[in-house]
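Quick note: the sequence shown uses the working numbering, first residue 62, plus one each step. Report on the structure given below.
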Amino acid sequence: MGLVPFIGPGNILVVTEKLIYRAGPAQKEFYIEPASRVSLPTATFGTKTFAPAGDGNSQSNVEDTAKEPSSESEDEPESDVELDMEGVIEGDPSEATQEMGDEMKEPTDEERDQSDEKRSEAMRAFSEQNYEEAIESYTEAIKLNPLSALLFAKRGQVFLKLNKLYACIKDCTHALKLNCDSAAAYKFRGRAYRLLGKFEESSHDLCESLKIDYDDQTNEWLNEVKPNAEKLRQHNLSVQRKKEEKERRDKIRRARKAQEARAKAAREQEANANATGMPGMGGMPGMGGMPGMGGMPGMGGMPGMGGGMFDSENLVKLLSDPEIMAALQDPEVTKAFYDVSSNPANFAKYQNNPRVASVLEMLQKKFGDQCGPNLGGANPGAGPEGPKPFDDDVGLD
């Protein structure tokens with residue numbers, strides 16, 4: 062497909078057989094304008110020069126593309142890339158059946174000399190355009206010296222002449238395995254990729270060849286594939302950018318949902334706590350910040366505290382008494398208080414502990430019978446006057 066460039070004021074217009082491409086300096090956008098003048102979104106790229114020794118993948122293009130926000134809908138399909146497919150042919154992978162020699166063989170000096178003779182015969186046949194004969198001679202040379210990367214690259218060149226592209230790629234790939242700096246192998250494999258329509262792979266190989274050893278023909282082939290390779294690169298960048306943007310939006314959406322779920326769970330937990338808590342305990346003035354009371358176990362639901370040992374009025378008095386609350390700061394006293402509160406008979410365990418006994422007696426004085434009849438006595442189960450002796454003589458007289 063021929064390209065006819067036209068440069069006008071403020072615009073660059075390129076007319077092809079099918080489409081019109083216009084790049085405006087203001088928008089820096091690339092439009093494909095069919096007869097209906099519908100603009101299809103594609104990746105942005107500008108005009109630039111390519112160094113012969115590189116692949117021309119300018120970093121500035123990547124940065125310009127990354128700065129432009131994506132205007133397409135999340136579900137909008139990617140637009141197709143219009144490529145110049147002139148000269149592309151369909152190869153046959155089944156043609157790559159050539160002999161590759163014994164990789165484990167170590168050729169002798171005599172075999173190397175014989176291999177060089179076969180190589181000379183192959184070069185002579187190639188110059189006379191006897192390509193099949195050239196392939197046979199190169200194959201004989203490879204059998205004698207299978208460690209020569211040059212022999213594989215040169216046989217790949219002959220396969221390229223015969224449009225046996227997959228055979229060429231196989232030979233050149235093996236040559237690069239033997240010598241990663243083979244400019245000839247990169248060159249001929251890059252050309253084979255171009256003829257197969259693999260423009261990005263072709264651009265890479267031709268650039269590598271030029272980096273190793275500049276060659277006019279290689280540079281010409283590279284300039285031929287650059288436009289298509291650049292379109293594909295920019296298209297892939299656009300696809301990758303949209304994919305990353307979608308992943309970022311999905312991540313934010315998931316984080317927002319998780320945050321809302323946590324907030325909802327916290328509200329439900331708070332509502333349940335308010336519904337099941339003791340009336341007055343949560344909102345009593347001064348109780349929220351009293352030292353030690355926030356985490357004191359048993360005050361909300363300890364057996365005997367709500368309706369056994371104290372009624373609600375005396376419970377408020379107890380919690381508001383600074384002397385009692387100060388005494389309850391002692392962990393030993395607090396533990397004894399809980400123990401005796403749950404079972405007054407347990408007071409006997411603390412008779413010989415002056416600190417505990419004094420606090421319990423103080424409770425007896427302040428609250429009297431509300432604390433139970435046994436907190437002040439020394440004998441659990443006895444009243445203030447002590448137990449009466451059991452009369453076992455009743456009815457015997």
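Every residue, glycine too, gets a C-beta built ideally from N, C-alpha and C. Model, not experiment: these values are computed from the prediction.
Ranked by how close their Cα comes to the Cα of L211, the residues L144, Q159, F249 and E422 have F249 in first place.
Closest in C-alpha terms to E151, from the list A244, L237, G258 and N191, comes G258. Rounded to the nearest angstrom, the gap between the Cα atoms of N414 and K325 is 50 Å. In this structure, A228 places its C-beta atom within 8 Å of the C-beta atom of F220. If only complete runs of 4 or more residues are kept, the segment 215-249 shows the alpha helix (DSSP H) at 226-239, in order along the chain.
Counting along the chain, S176 sits inside the alpha helix (DSSP H) bounded by residues D170 to S188. Going by C-alpha positions, V149 is about 51 Å away from K318. Under the 8 Å Cβ criterion, the segment 160-169 does not count as touching the segment 179-193, having fewer than three qualifying pairs. Exclusion of the five residues before and after A246 leaves A214, C233, A236 and L237 as the residues of its chain whose Cβ lies within less than 6 Å of its Cβ.
In this structure, N206 places its C-beta atom within 8 Å of the C-beta atom of R173.
Within the same chain, Cβ atoms closer than 6 Å to the Cβ of A202 are found at S176, K179, R180 and L212, the five residues on either side in sequence being excluded. A buried status is given to S299, since no fewer than 16 other beta-carbon atoms sit within 10 Å of its beta-carbon. A distance below 8 Å separates the beta carbons of L293 and E261.
A direct Cα-Cα distance of roughly 5 Å separates N407 from V401. In the structure shown, the three-state DSSP call for N206 is coil. Counting only residues of its own chain and dropping the five nearest sequence neighbours on each side, I273 has a CB closer than 6 Å to the CB of D242 and A244. Where L271 is concerned, the enclosing alpha helix (DSSP H) starts and stops at F260 to I273. Shown here, I150 sits in coil according to DSSP, grouped into three states, outside any helix or strand. In the three-state scheme derived from DSSP, where H, G and I count as helix and E and B as strand, D277 is classed as helix. By the neighbour-count criterion, in which 16 or more other beta carbons inside 10 Å mark a residue as buried, I313 falls on the exposed side. At the C-beta level, E156 and K222 stay beyond 8 Å of one another. For M386, the secondary structure class from DSSP, reduced to helix, strand or coil, is helix. K231 is positioned such that its CB atom lies no closer than 8 Å to that of S264. Counting other Cβ atoms within 10 Å of its Cβ, Q218 reaches 16 or more and is therefore classed as buried.
Across the structure, R309 and Q320 are spaced so that their CA atoms are roughly 17 Å apart.
Judged by DSSP in its simplified three-state form, N289 adopts helix. Under the DSSP assignment, D145 falls outside any alpha helix (DSSP H); it carries neither an H nor an E label. Collapsing the DSSP output to three states places A157 in coil.
In the DSSP assignment, F428 falls within the unbroken alpha helix (DSSP H) covering P415 to F428. In its chain, beyond the 5 residues on either side, T200, I203 and K204 have a beta carbon closer than 8 Å to the beta carbon of E160. Remark: C-beta atoms of R416 and E393 approach each other more closely than 8 Å. In the three-state reduction of the DSSP assignment, N335 falls in the helix class, which pools H, G and I.
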